[in-house]
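Numbering (the working numbering), first residue to last: 226 to 721.
Virtual Cβ for every residue (Gly too), placed ideally from N, Cα, C.
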Amino acid sequence: MIRRSLRVLRRAGLLTPRAATGLGAGLLTRSDGIDAALRYAALRHGSCPAVTDDTRSVTYADIARRVANLTRGLRDTTHPGERAGVLIGNDVDAVALLCAASRLRLSVWPVDARQPAPAVAQLAVDHDLSVLFGTAVVSAFGETVWDSDGFQLIRRAPPPHRPDGHTLVVLTGGTTGVPKAAGRRLSATTMWAQFCALVDDVGLARGGSSYIAAPLHHGFGLGALLTGMMLGTNTRLSARFDPGTVGRTIRNHRPEVLVAVPTVLRRLLADDARALTGVHTVVSGSAPLDADLLQAVRTGSDAQLFHLFGTSEGAFCALATPDMLRTAPGTIGRPIPGVRIRVVDGQQAEAADGVIGGLQVRNRAAIARGWVPTGDLAHRDAAGLLHLDGRCDDIAQSGGVSVAPAELERVLRTHGAVRDCAVVPVEDTELGHRLAAFVVAEPGTVLDTDEVVHWLRDRVAHALLPRQVRTVTALPLTPAHKVDRQALSELARQRD
Numbered sequence: 226m227i228r229r230s231l232r233v234l235r236r237a238g239l240l241t242p243r244a245a246t247g248l249g250a251g252l253l254t255r256s257d258g259i260d261a262a263l264r265y266a267a268l269r270h271g272s273c274p275a276v277t278d279d280t281r282s283v284t285y286a287d288i289a290r291r292v293a294n295l296t297r298g299l300r301d302t303t304h305p306g307e308r309a310g311v312l313i314g315n316d317v318d319a320v321a322l323l324c325a326a327s328r329l330r331l332s333v334w335p336v337d338a339r340q341p342a343p344a345v346a347q348l349a350v351d352h353d354l355s356v357l358f359g360t361a362v363v364s365a366f367g368e369t370v371w372d373s374d375g376f377q378l379i380r381r382a383p384p385p386h387r388p389d390g391h392t393l394v395v396l397t398g399g400t401t402g403v404p405k406a407a408g409r410r411l412s413a414t415t416m417w418a419q420f421c422a423l424v425d426d427v428g429l430a431r432g433g434s435s436y437i438a439a440p441l442h443h444g445f446g447l448g449a450l451l452t453g454m455m456l457g458t459n460t461r462l463s464a465r466f467d468p469g470t471v472g473r474t475i476r477n478h479r480p481e482v483l484v485a486v487p488t489v490l491r492r493l494l495a496d497d498a499r500a501l502t503g504v505h506t507v508v509s510g511s512a513p514l515d516a517d518l519l520q521a522v523r524t525g526s527d528a529q530l531f532h533l534f535g536t537s538e539g540a541f542c543a544l545a546t547p548d549m550l551r552t553a554p555g556t557i558g559r560p561i562p563g564v565r566i567r568v569v570d571g572q573q574a575e576a577a578d579g580v581i582g583g584l585q586v587r588n589r590a591a592i593a594r595g596w597v598p599t600g601d602l603a604h605r606d607a608a609g610l611l612h613l614d615g616r617c618d619d620i621a622q623s624g625g626v627s628v629a630p631a632e633l634e635r636v637l638r639t640h641g642a643v644r645d646c647a648v649v650p651v652e653d654t655e656l657g658h659r660l661a662a663f664v665v666a667e668p669g670t671v672l673d674t675d676e677v678v679h680w681l682r683d684r685v686a687h688a689l690l691p692r693q694v695r696t697v698t699a700l701p702l703t704p705a706h707k708v709d710r711q712a713l714s715e716l717a718r719q720r721d
């Protein structure tokens, strides 16, 4: 572990007096991970380009000055540990807002600023947020107690008598219902294992350029941002992640590293098979990879593809390297150092290799102590690599047989005319549940849904045959760019 740490320190450019001064600036002020990363970056990489969004570019020193101004103005109107909804997009302002909230020692709750005002208001009520902080905060949420330089702070409620503590709280993707809150610890020690994996195993190094085509209000995008700050990376952000925007950004700016969720990658390569030309490293995460997407990346580029597995509850947990993905397509790899992962059966005993069970994580970066269930079904293969097998809450009983939507999705993706698909369980009065499949056709192809069902009969068990197959132009997505299964379930019920 010592040898690995020294290797990471050297590769990240941290073994210099100036770097040590920057690290000390964060540690001596007892800053959490967000503020500590900025303090270090401002001292180590101050004049270097830091973040470029759709309209402007700033250096690390620029961000530090803006954060200092924000915290001076807000120190008397906020209270350490109170819950703060920080409304952010994917832009320069988001970085300043997150760093300022962190420096004020608020309990930081990143919130998607693109949500409709009623949705933000309901989220604030559901999670008892006492203040809302952002560039587009609606005054109807509460009393405006601070307004300067385009930023506003709205107070909804008095500070709590018992504060949450200095934490980051990430909202889950909400793919199957109302987003849940998951606390994270962002101390230097809890972040070190994650930083080591990204620098040593993925090969990220000091300087360079990256493009984060993932939302900053979720853990995957935010983690990539913090890592880039520590490395002095010139990070590119965009407000949209559609294939045209992502492809154009890659062509115009030639980032060395692309950070994107599988949905964005799949749509990008379907639009232009050579879109990743020039990208050295692709870091994927936040949703499972499939064999077809892996092949599309390899066929269309020379990029090295890594896949990170993490959860809102358990933070960054496992890493799959290009070699692992070549030998076991779709694997989430192995736990990173400092993290333990197990698969358990119904009696909470560790499952044997090849046996599907519930996935549990033990990670110091999570607020919850002990073994934390992720809600995923998984198994470990004979080589010790982990594989996901769907979500626990996706498994349905159909005529007394357990059916997994992910299993049907894997088969549907091998159909030559299917570009993308998603499967959800639907209640059935006779069998309990049946599956409903939503498919997106390849361009220029007309999908015959009856033919798809007939094609499936020779490939899946009877219980997996879908009750309905519907063609859609695109699958609905959540703000985290995951498939919105709740929306699909509602569509399936309407069809019935």
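- Per DSSP, reduced to three states, the secondary structure at F466 is coil, with no helix or strand assignment.
- Per DSSP, reduced to three states, the secondary structure at Q573 is coil, with no helix or strand assignment.
- If you look at S355, you'll find it isn't in any alpha helix (DSSP H); DSSP assigns it neither H nor E.
- DSSP places N315 outside both helix and strand once states are collapsed to three, so it counts as coil.
- With a threshold of 16 other beta carbon atoms within 10 Å, P487 meets it and is buried.
- With fewer than three CB-CB distances shorter than 8 Å, the region 668-676 does not count as touching the region 605-625.
- One Cα belongs to F466, the other to D260, and the distance between them is close to 27 Å.
- Put simply, the region 525-537 touches the region 490-503. At least three CB pairs are less than 8 Å apart.
- C-alpha of D426 to C-alpha of G582: approximately 28 Å in a straight line.
- When rounded, the separation of the alpha-carbon atoms in Q377 and P274 is 26 Å.
- With respect to R644, L610 sits apart: the two C-beta atoms are not nearer than 9 Å.
- In chain order, I313 and L441 place their CB closer than 7 Å to the CB of A319, counting only its own chain and leaving out the 5 sequence neighbours on each side.
- One Cα belongs to T654, the other to A661, and the distance between them is close to 15 Å.
- About 14 Å separates the CB atoms of A717 and V628; that is not less than 8 Å, and the two are not in contact.
- Between the alpha carbons of L494 and V471 lies a gap of roughly 10 Å.
- With three or more CB-CB distances shorter than 8 Å, the region 368-382 counts as touching the region 296-315.
- In the structure shown, the three-state DSSP call for Q347 is helix.
- If the five residues before and after L514 are omitted, its C-beta is found closer than 6 Å to the C-beta atoms of P487, H532 and G555, all from its own chain and listed in chain order.
- Cα atoms of G657 and Q711: separation of roughly 18 Å, rounded to the nearest angstrom.
- With respect to the 9 Å criterion, R659 and S623 are classified as neighbours on the basis of their beta carbons.
- Its Cα nearest to that of G625, the residue L689 stands out among L689, V648, T599 and T277.
- Ranking V370, V522 and A516 by CA distance to the CA of L483 puts V522 first.
- Residue range P274 to T277 is occupied by the beta strand (DSSP E) that includes T277.
- By the CB criterion at 9 Å, V336 and G359 fall inside the cutoff.
- Annotated as proximal: V677 and L637, with beta-carbon spacing under 9 Å.
- Straight-line measurement puts the Cα of A266 at about 15 Å from the Cα of S434.
- Comparing alpha carbon positions, the residue from R565, V564, G563 and L584 closest to Q573 is L584.
- For A717, the secondary structure class from DSSP, reduced to helix, strand or coil, is helix.
- Collapsing the DSSP output to three states places V504 in coil.
- Given a length threshold of 3 residues, each whole run of the beta strand (DSSP E) inside the region 657-700 is given here in chain order: 657-666 and 693-696.
- Annotation: the continuous alpha helix (DSSP H) that includes G448 extends over G444 to L456.
- Here R473 carries a helix assignment [DSSP, helix/strand/coil].
- When the Cα atoms are used, V694 and L672 turn out to be separated by approximately 10 Å.
- For the set P704, V708 and V685, the Cα lying nearest the Cα of V664 is the one of V708.
- Taken atom to atom, the span from the alpha-carbon of R476 to that of Y436 is near 11 Å.
- Between R264 and A289, the C-beta spacing is below 9 Å.
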